[in-house]
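Written out below as structure tokens is the structure these notes cover.
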Amino acid sequence: MAISHSATVDKYLEAIYCIAGEGEIVRPSRLAFWLGVSAPTVSDALQRLKRDGWVVLGADRTVALTESGAGIATALVRRHRILERWLTDVLNFDWAAADVEAERVSSSISDAVVDQIDRSMGSPPTCPHGNVIPGRVAPYGVLVALADLEPGTPGSIRRISEVAEHEAPALLLMLAEHSIKEGTEVMVSSTRLEPDQVAITIAGTPLTLSMEAAKRIWVETP
Numbered sequence: 079m080a081i082s083h084s085a086t087v088d089k090y091l092e093a094i095y096c097i098a099g100e101g102e103i104v105r106p107s108r109l110a111f112w113l114g115v116s117a118p119t120v121s122d123a124l125q126r127l128k129r130d131g132w133v134v135l136g137a138d139r140t141v142a143l144t145e146s147g148a149g150i151a152t153a154l155v156r157r158h159r160i161l162e163r164w165l166t167d168v169l170n171f172d173w174a175a176a177d178v179e180a181e182r183v184s185s186s187i188s189d190a191v192v193d194q195i196d197r198s199m200g201s202p203p204t205c206p207h208g209n210v211i212p213g214r215v216a217p218y219g220v221l222v223a224l225a226d227l228e229p230g231t232p233g234s235i236r237r238i239s240e241v242a243e244h245e246a247p248a249l250l251l252m253l254a255e256h257s258i259k260e261g262t263e264v265m266v267s268s269t270r271l272e273p274d275q276v277a278i279t280i281a282g283t284p285l286t287l288s289m290e291a292a293k294r295i296w297v298e299t300p
């Protein structure tokens, strides 16, 4: 018999999926920061998740999803990314607002409605931030972080890190304010700034980004 899971369990499983998907090692401290809760709260929750078969806890305090946990997380991420795409492409929400609204409406829409929304859009491969919808193939090749792009080399924005979506909403708002989206052309214009800054030209407009933000924007070069 399948074990039921709560909204809290869903949040933990989705967070673990997204953090791991960015190539990070998932540890309790990382989850505490991501979810905005205390370390003891995370420790207690992880013990319950382990007991119910959703996660595996390593001796080095790493956290990994079990097969059943990964199945739930994958379904949650798929739903969220499809709804984000619908909100931007059909309802004309900007990137930042779409992320917030998808979170709000996700639990109130059935799988049948999500599937129909997906089909009506032609089953897009990514969310509007360029993150691949589980089970689909990325429509781009090898990407490089904007922070690592050589000055003078043009690139096209293809993906905004899931970490940036969750932890840097100001970045999404800035991109939305400048009508920057998937496919927008960008170029690093100078490295003569503070060590933690990157000067760029994006959509024809000069901007300065923090190095941390530039690490979360992924581009495809010619």
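Taking my numbering, I'd label the letters of the sequence shown as residues 79 to 300. Note that CB positions come from ideal geometry on N, CA and C, so glycine has one too.
Inset, instruction - Check I195 in the structure and name its three-state DSSP category. - result: Counting from 1 along the sequence shown, the entry for residue 195 is found at position 117. Residue state, collapsed to three classes: helix.
Inset, instruction - Determine the DSSP secondary structure at I97, reduced to helix, strand or coil. - result: Along the sequence shown, one-based indexing puts residue 97 at 19. Helix at I97.
Inset, instruction - Go ahead and pull the three-state DSSP assignment for R163. - result: Along the sequence shown, one-based indexing puts residue 163 at 85. The three-state secondary structure of R163, taken from DSSP, is helix.
Legend entry - P284 - containing beta strand (DSSP E), residue span: The residue you call residue 284 lines up with position 206 of the sequence shown. Taken as a continuous stretch (DSSP letters only), the beta strand (DSSP E) holding P284 covers T283 to S288.
Inset, instruction - Measure the alpha-carbon distance for G208 versus R237 and round it to whole angstroms. - result: Locating residue 208 in the sequence shown gives position 130, where the first residue counts as 1. Locating residue 237 in the sequence shown gives position 159, where the first residue counts as 1. Roughly 4 Å between the two C-alpha positions.
Inset, instruction - Give the secondary structure of I150 by DSSP, where H, G and I count as helix, E and B as strand, and everything else as coil. - result: For the purposes of this step, residue 150 is taken as residue 72 along the sequence shown, with counting starting at 1. Looking at I150 - three-state DSSP - the assignment turns out to be helix.
Inset, instruction - Report yes if the C-beta distance between V141 and R105 is below 8 Å; otherwise report no. - result: Indexing the sequence shown from 1 puts residue 141 at position 63. Indexing the sequence shown from 1 puts residue 105 at position 27. Yes.
Inset, instruction - Classify W173 as helix, strand or coil using the three-state DSSP reduction. - result: In the sequence shown, residue 173 corresponds to position 95, counting from 1. The answer is helix: DSSP assigns W173 an H, G or I state.
Inset, instruction - Identify, in the order they occur along the chain, each residue of the same chain with its Cβ nearer than 7 Å to the Cβ of I97, setting aside the five sequence neighbours on each side. - result: Position 19 of the sequence shown, counted from the first residue, corresponds to residue 97. The answer, listed in chain order, is V104, R108 and W112.
Inset, instruction - Would you check if the distance between the CB atom of T279 and the CB atom of M289 is smaller than 8 Å? - result: By 1-based counting over the sequence shown, the position of residue 279 is 201. By 1-based counting over the sequence shown, the position of residue 289 is 211. Cβ distance not < 8 Å, so T279 and M289 don't count as in contact.
Legend entry - Contacts around L121, its chain only, beta-carbon distance under 7 Å, and the 5 residues preceding and following it disregarded: The residue labelled residue 121 in the question sits at position 43 within the sequence shown. According to the sequence provided, residue 121 is Ser. The question's Leu does not apply to it. So the list reads P106, once near-sequence residues are dropped.
Legend entry - Contacting residues, own chain, Cβ-Cβ under 7 Å from G219 (five flanking each side not counted): Counting from 1 along the sequence shown, the entry for residue 219 is found at position 141. Taken in chain order, the residues that qualify are E298.
Inset, instruction - Tell me whether the beta-carbon of P203 lies closer than 8 Å to the beta-carbon of P217. - result: As a position in the sequence shown, residue 203 is number 125, starting the count at 1. As a position in the sequence shown, residue 217 is number 139, starting the count at 1. Contact flag set, yes.
Legend entry - Inter-residue spacing [alpha-carbon to alpha-carbon] between L249 and R126: Position 171 of the sequence shown, counted from the first residue, corresponds to residue 249. Position 48 of the sequence shown, counted from the first residue, corresponds to residue 126. In a straight line, the C-alpha of L249 is about 34 Å away from that of R126.
Inset, instruction - Could you please give me the residues that DSSP links to P232 through a beta bridge? - result: In the sequence shown, counting from the first residue as 1, residue 232 sits at position 154. In the DSSP secondary-structure assignment, P232 is bridged to M265.
Legend entry - Cα-Cα separation between A80 and D130, rounded to whole angstroms: Taking the sequence shown and counting its residues from 1, one reaches residue 80 at position 2. Taking the sequence shown and counting its residues from 1, one reaches residue 130 at position 52. With a pLDDT of 42 at A80, under the threshold of 50, the predicted position of this residue should be treated as unreliable, though the coordinate-derived value follows. One C-alpha to the other measures close to 10 Å.
Inset, instruction - On the DSSP bridge assignment, give the partners of V133 in chain order. - result: Taking the sequence shown and counting its residues from 1, the one referred to as residue 133 is at position 55. Under DSSP, V133 shares a beta bridge with L143.
Inset, instruction - Specify the secondary structure class of T299 as computed by DSSP and reduced to three states. - result: Looking up residue 299 in the sequence shown gives position 221. If DSSP states are grouped into helix, strand and coil, T299 belongs with coil.
Inset, instruction - Put R108 into one of helix, strand or coil per three-state DSSP. - result: For this step, residue 108 is matched to residue 30 along the sequence shown. In this structure, R108 counts as helix in the three-state DSSP scheme.
Legend entry - Backbone secondary structure at M79 - three-state DSSP: Taking the sequence shown and counting its residues from 1, the one referred to as residue 79 is at position 1. For M79, the pLDDT reaches just 33, beneath the cut-off of 50, and the residue's location in the model is therefore unreliable, leaving the point undetermined.
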